[in-house]
Amino acid sequence: SLILVFSGCGESLEEKKAKVRIAVEELRRHPDRVDKIVEEKLKDYADIAVEPLGELFKDKNSKVRYAAARALGALGKSGAMVYLRDARNDPDPRVRAAVAEALGKVKGGEAVRTLLELAKDKNIEVRVATLKAMGNVDDEEVVPTVIAALSDKREVIRNAAVEALKGLGAKALRAVVQTAKEGKGIAKREAQRALKLICERFRAALDPQSEEGKDRLVRRDMCRYLGQLRYRLAVTDLIERLDDADPEVRVVAADALGEIGAKVAMNNLRERMNDTKEENRVRLHAAVALGKMGDVKAIEFLIDMLKDEDEKVRVRSAHALAEIGKSAERLLIKALSSKDEKQRWGAAKALGDMRARGAVRQLIEALKDKSEDVRIAATAALGNIGDARAIPALVRALEDESERVQWHAELALERIGMDAAGMLLSELRRAKEIQTRARLIRLLGRLKASMAISKLVECLQDKSATVRAAAVWALGQLNAPTVAPHILRLLTHDKPAVQREAALALSRMDYKPAREALLITFVTSRSTSVKAACAEALSKLDGRTYTDVELLRQALQSAPNARVRTQALRQ
Numbered sequence: 013s014l015i016l017v018f019s020g021c022g023e024s025l026e027e028k029k030a031k032v033r034i035a036v037e038e039l040r041r042h043p044d045r046v047d048k049i050v051e052e053k054l055k056d057y058a059d060i061a062v063e064p065l066g067e068l069f070k071d072k073n074s075k076v077r078y079a080a081a082r083a084l085g086a087l088g089k090s091g092a093m094v095y096l097r098d099a100r101n102d103p104d105p106r107v108r109a110a111v112a113e114a115l116g117k118v119k120g121g122e123a124v125r126t127l128l129e130l131a132k133d134k135n136i137e138v139r140v141a142t143l144k145a146m147g148n149v150d151d152e153e154v155v156p157t158v159i160a161a162l163s164d165k166r167e168v169i170r171n172a173a174v175e176a177l178k179g180l181g182a183k184a185l186r187a188v189v190q191t192a193k194e195g196k197g198i199a200k201r202e203a204q205r206a207l208k209l210i211c212e213r214f215r216a217a218l219d220p221q222s223e224e225g226k227d228r229l230v231r232r233d234m235c236r237y238l239g240q241l242r243y244r245l246a247v248t249d250l251i252e253r254l255d256d257a258d259p260e261v262r263v264v265a266a267d268a269l270g271e272i273g274a275k276v277a278m279n280n281l282r283e284r285m286n287d288t289k290e291e292n293r294v295r296l297h298a299a300v301a302l303g304k305m306g307d308v309k310a311i312e313f314l315i316d317m318l319k320d321e322d323e324k325v326r327v328r329s330a331h332a333l334a335e336i337g338k339s340a341e342r343l344l345i346k347a348l349s350s351k352d353e354k355q356r357w358g359a360a361k362a363l364g365d366m367r368a369r370g371a372v373r374q375l376i377e378a379l380k381d382k383s384e385d386v387r388i389a390a391t392a393a394l395g396n397i398g399d400a401r402a403i404p405a406l407v408r409a410l411e412d413e414s415e416r417v418q419w420h421a422e423l424a425l426e427r428i429g430m431d432a433a434g435m436l437l438s439e440l441r442r443a444k445e446i447q448t449r450a451r452l453i454r455l456l457g458r459l460k461a462s463m464a465i466s467k468l469v470e471c472l473q474d475k476s477a478t479v480r481a482a483a484v485w486a487l488g489q490l491n492a493p494t495v496a497p498h499i500l501r502l503l504t505h506d507k508p509a510v511q512r513e514a515a516l517a518l519s520r521m522d523y524k525p526a527r528e529a530l531l532i533t534f535v536t537s538r539s540t541s542v543k544a545a546c547a548e549a550l551s552k553l554d555g556r557t558y559t560d561v562e563l564l565r566q567a568l569q570s571a572p573n574a575r576v577r578t579q580a581l582r583q
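In the numbering used here, the protein residues as written are 13 to 583.
The structure is reproduced here in structure tokens:
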């Protein structure tokens, strides 16, 4: 018996070719036996068989050419493409239809392009075969063509398009959903039919015993799609996936049930949430699903998880609570008063992520929390919410003992926007501390608060170089050419930080009269950062990029005094 099994293993290439020639000749004489000949005599020699089969397209008998297309499709080898592409113009529509079917099995970019050509064929049989083949290519490029066929007046074309969309599945999902919602007339109805078939295909793939469902990633993706589509007929199947062997599938199944709002699944979700042996991420997602359905116990479970020692668990819990949204707001506000610092932090974060305007007053109060992390979370939350009521407290937070809190307060005020400008300007007039004034000035610049120009010009004379540099930068952001002469004078300032900001501000204002002063500063400054800023400014003013050597040569030719020219020569 072993001899029989391995008898073909030692065949030479010539012997294999001889067998293929005999089989192809038999196919030519008996084209009606194509399926049997391929299965019994050509399947094991697919690579060798492609060329002799391709030659059959030259045969005068259309039945032979039809059989050649079917055989090449059955073998599914990419090498068949060269023959199939030529055969797309065969005079017999039955052959062209067989070519289309074969292209759906060969696949690949060239096959897709050829199918797109065949989709324009005038023969209905060819178009039907082409549409069906498009359902097998797993390529988004064919989707617009298939969608367009949904509005065809012929039912056979529409049916083929629906079948193709079912085959394309996820690749066509976005277009099918859009057409089902926004399409018109018959196209909308057919898209709705296709969408149901796609959902049923996804539903079938949830079964680990199915061909598609054997792959855990397929089961995961099918759960996700069914949840996004809120396909209620899949609820029972999704409940079963809560017991899937793969935790990632269990996670997405819980998400899907939450998206659908499947209250019938609440007990199953509670089992997952309360199972202490279950992975934390599965428990969290089960709780989120329950929270979306208004389960208070699930929200309390997530809020309790904010106390966990593992930072990843706390962050995930905060994200989960934010995802639940309004249902969790009341309990999260209460958690801002918790004795546990970690829980207060998580509550502030979640409220900010969900943009809970109802929590603004309590978050403002949290800016006084003894924990730096809680104050940071509250500051960031108020910035996310963007409510003007928080402006006074955030301005005060610019003077917090923690620089991190100050920085987050600055970002929060920037996010709130121009509503904050008036109070920032008032605070700038009052503030004494250098860093606070610098932060206020930078904020006014980022907000492009033109109301602050006169005060910013006044700050150019401030005793602190830090404040002066910030004022120069802010005026540059405001792009107010009227203040350019004031900034120009600062190119001779004794502090490099101020000189640098002056050079960059002048370039942002595109102030051409500054060119000579910028060139002189480039030559005379000992600061590399000032030189770089001047070079950048000159390049921008002139609309070209200069090297240092080119600028030094310019100074030698045009500098107004000998001292500058001498320095340029030395450099």
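Using N, Cα and C, we set each Cβ at its ideal position, and we do this for glycine too. Computed from a predicted model, the values in this text were never measured in an experiment.
For residue i and residue j, I'd like the C-alpha separation in whole angstroms.
i	j	result
residue 124	residue 86	17 Å
residue 120	residue 153	11 Å
residue 234	residue 289	26 Å
residue 431	residue 462	13 Å
residue 18	residue 58	Note that residue 18 has pLDDT 40, beneath the 50 cutoff, so the model's placement of it is unreliable and no number is given.
residue 196	residue 188	13 Å
residue 92	residue 130	17 Å
residue 211	residue 222	15 Å
residue 44	residue 88	20 Å
residue 274	residue 252	13 Å
residue 524	residue 503	14 Å
residue 340	residue 454	37 Å
residue 511	residue 398	36 Å
residue 14	residue 216	Because the pLDDT of residue 14 is 42, which lies under 50, any placement of that residue in the model is unreliable, and the number read from its coordinates should be weighed accordingly. Approximately 41 Å, taken between the alpha carbons.
residue 10	residue 261	Shown here, the chain extends from 13 to 583; a query on residue 10 therefore has no answer.
residue 379	residue 437	22 Å
residue 349	residue 355	9 Å
residue 51	residue 38	13 Å
residue 506	residue 530	15 Å
residue 352	residue 319	7 Å
residue 304	residue 285	14 Å
residue 16	residue 180	For residue 16, the predicted model reports a pLDDT of 39, less than 50, meaning its position is unreliable; a value from the coordinates is still stated below. One C-alpha to the other measures close to 43 Å.
residue 528	residue 547	12 Å
residue 8	residue 464	As shown, the chain starts at 13 and ends at 583. That puts residue 8 outside it, with no answer to give.
residue 403	residue 308	33 Å
Just to confirm before moving on: does the CB-CB distance between residue i and residue j stay below 8 Å?
i	j	result
residue 407	residue 439	yes
residue 268	residue 254	no
residue 170	residue 135	no
residue 343	residue 315	yes
residue 329	residue 358	yes
residue 333	residue 362	yes
residue 476	residue 446	yes
residue 112	residue 142	yes
residue 424	residue 448	no
residue 488	residue 435	no
residue 81	residue 114	yes
residue 515	residue 542	yes
residue 94	residue 127	no
residue 266	residue 245	no
residue 482	residue 450	yes
residue 139	residue 178	no
residue 12	residue 535	Here the chain covers residues 13 to 583 and nothing more, so residue 12 does not appear.
residue 185	residue 237	yes
residue 296	residue 278	no
residue 225	residue 231	yes
residue 104	residue 77	yes
residue 421	residue 456	no
residue 53	residue 35	yes
I'd like to know if residue i contacts chain C, where contact means its C-beta is closer than 8 Å to some C-beta of that chain.
i	result
residue 492	Structure shown: chain C not included; a single protein chain is present.
Complete alpha helix (DSSP H) runs within the segment 442-477 (minimum length 4 residues, chain order): 446-458, 465-471
Runs of alpha helix (DSSP H) lying entirely within the segment 113-154, each at least 4 residues, in chain order: 121-130, 136-146
Those runs of the alpha helix (DSSP H) which lie wholly inside the segment 280-368 and span at least 4 residues: 292-304, 308-317, 323-336, 338-347, 353-365
Every unbroken alpha helix (DSSP H) within the segment 222-273, with a cutoff of 4 residues, ordered by chain: 228-240, 247-253, 259-272
Contiguous beta strand (DSSP E) assignments of at least 3 residues, all confined to the segment 369-414: none
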